[in-house]
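Chemist:
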Amino acid sequence: YSGFTLVLDSQQVEEGKRWFDNLAANGKIEMAWQETFWAHGFGKVTDKFGVPWMINVVKQQ
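Taking the numbering used here, I'd label the letters of the sequence shown as residues 51 to 111.
As structure tokens, this is what we get:
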């Protein structure tokens, strides 16, 4: 799976973290779950099937 990354956006940090943890199980964490300047929570992971994901909880303006 190259050339694309699936993105999940959530309104809640707890939900985003749960998605991240579930996708990371038996997968590979590319960027650990953390707060960034644009998001309350963000992480990048490749799941156990080799599919890349970005999980994002955007800060409201």
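Here a beta-carbon is modelled for each residue, glycine too, at the ideal position from N, C-alpha and C.
How would you label V95, buried or exposed, when you count the other beta carbons within 10 angstroms and need 16 or more for buried?
Modeler: Here residue 95 refers to the residue found at position 45 when the sequence shown is read from its first residue. So V95 counts as buried.
Chemist: Are the CB atoms of S60 and V107 within a distance shorter than 8 Å?
Modeler: Sequence index remark: in the sequence shown, residue 107 carries index 57 (1-based). Sequence index remark: in the sequence shown, residue 60 carries index 10 (1-based). Contact: yes.
Chemist: Cβ of D59 less than 8 Å from any chain C Cβ?
Modeler: Among the chains of the structure shown, chain C does not appear; only one protein chain is present.
Chemist: Would you kindly work out how many angstroms separate the C-alpha atoms of K109 and W88, rounded to a whole number?
Modeler: By one-based count along the sequence shown, residue 109 stands at place 59. By one-based count along the sequence shown, residue 88 stands at place 38. About 6 Å.
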